[in-house]
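Participant: So that we are looking at the same thing, I have put the structure below in structure tokens.
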Amino acid sequence: VTDKLKKKKYSPSLFVVHFGLKGSWPGIPHHMILLGPRYKGLLDDIYDNGVLPNDFSLYLHHPTVTDPEMAPEGYSTFYVLAPVPHQGKLPIDWDEMGPIYKKRILDEIGQRLIPDIHERIVTSFHYTPQDFGTDLNAHLGSAFSLEPLLTQSAWFRVHNRDDVIENLYFVGAGTHPGAGIPGVVGSAKATAELMIEDMG
Ligand SMILES: Cc1cc2nc3c(=O)[nH]c(=O)nc-3n(C[C@H](O)[C@H](O)[C@H](O)COP(=O)(O)OP(=O)(O)OC[C@H]3O[C@@H](n4cnc5c(N)ncnc54)[C@H](O)[C@@H]3O)c2cc1C
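Per the numbering used here, the sequence shown starts with residue 5, numbered consecutively.
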């Protein structure tokens with residue numbers, strides 16, 4: 005089993021900065037993607053080369069534009085997410101790198117959207133690949149479990165009912181059909197159906 009697991013490929017990890025700002029930004033939508041200058045090179049660095057990129061493609065989440073009650077009056081909440089290599093590809097000390105990378109990402113948002121971001125921050129924290137590993141037990145800090153390659157998808161993904169050991173079931177992002185909330189809910193339904201079937 006260990007040899008089989010070693011051959012699996014895992015999806016990248018994420019570096020996430022949550023922050024609260026003084027002020028409101030009606031012009032920044034609930035979901036936004038800030039594309040960086042590179043596309044394939046960036047993905048190669050994250051997926052294959054295990055390089056922590058200096059350029060970013062960022063997802064920016066801004067829930068207070070939809071529901072202002074998510075922050076005190078006159079304040080806004082955001083999170084920004086940057087895909088980064090998992091810890092198998094890039095085994096660095098995130099306690100050291102985290103604050104540096106956080107500043108780089110906030111600087112980028114400052115340059116592109118909110119020029120005085122650093123003066124407006126009232127609270128913030130960041131979540132690293134290391135945190136995915138220690139907090140959530142995510143193997144290698146991978147944020148989306150097994151990479152959805154053809155050879156790790158559909159029938160080739162972890163089966164919801166074990167093929168060998170009786171009464172052993174699997175559920176969640178690493179199983180069929182895959183990661184993401186709709187996939188995970190789908191896997192829970194599929195696993196529950198199999199369990200009910202086995203109970204007759
Ligand atoms: C920042 C971010 C943004 C995302 N955005 C989206 C999005 O917009 N849309 C979307 O569809 N998906 C999104 N996803 C992906 C989605 O959140 C995941 O695919 C999904 O939550 C995985 O569900 P899961 O139940 O498999 O695992 P998890 O939600 O990780 O749950 C596993 C749980 O098991 C616990 N656990 C681990 N080991 C043990 C143990 N030994 N004993 C007891 N408990 C244990 C963990 O603490 C955790 O609570 C996002 C993910 C991240 C990280």
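Note that the Cβ used here is the ideal one computed from N, Cα and C, for glycine as well.
Remember, it's a predicted structure, so these values are computed and weren't measured experimentally.
1. Is residue 55 near residue 130, with beta carbons less than 8 Å apart?
2. Can you give the Cα-Cα distance for residue 59 and residue 149, rounded to whole angstroms?
3. State yes or no: is the C-beta of residue 32 within less than 8 Å of the C-beta of residue 84?
4. Between the alpha carbons of residue 117 and residue 76, how many angstroms are there, rounded?
5. Buried or exposed for residue 171, going by 16 or more other Cβ atoms inside 10 Å?
6. Who does residue 86 pair with in a DSSP beta bridge?
7. Note down, in chain order, each residue of its chain lying with its Cβ closer than 7 Å to the Cβ of residue 159, except the 5 sequence neighbours on either side.
8. Buried or exposed: residue 115, going by 16 or more other Cβ atoms within 10 Å of its Cβ?
9. Please state the DSSP three-state secondary structure of residue 162.
10. Let me check you understand the geometry: is the CB of residue 148 closer than 7 Å to at least one non-hydrogen atom of ligand 1?
11. Between which two residues does the beta strand (DSSP E) carrying residue 128 extend?
12. With DSSP run on the structure shown, which of helix, strand or coil describes residue 32?
Facilitator: Once the coordinates are examined:
1. Judged by their CB atoms, residue 55 and residue 130 are not nearer to each other than the 8 Å cut-off.
2. Between the alpha carbons of residue 59 and residue 149 lies a distance of about 24 Å.
3. Taking 8 Å as the Cβ cut-off, residue 32 and residue 84 do not qualify as a contacting pair.
4. Roughly 22 Å separates the two Cα atoms.
5. Exposed, since its Cβ has fewer than 16 Cβ neighbours within 10 Å.
6. Residue 86 pairs with 19.
7. Sequence-distant partners of residue 159 (beyond 5 residues in either direction) whose C-beta falls short of 7 Å from its own C-beta are missing from its chain.
8. With fewer than 16 other Cβ atoms within 10 Å, it is exposed.
9. Reduced to three states, the DSSP call for residue 162 is strand.
10. The beta carbon of residue 148 sits closer than 7 Å to at least one heavy atom of ligand 1.
11. Start and end: 125-131.
12. Coil at residue 32, not helix or strand.
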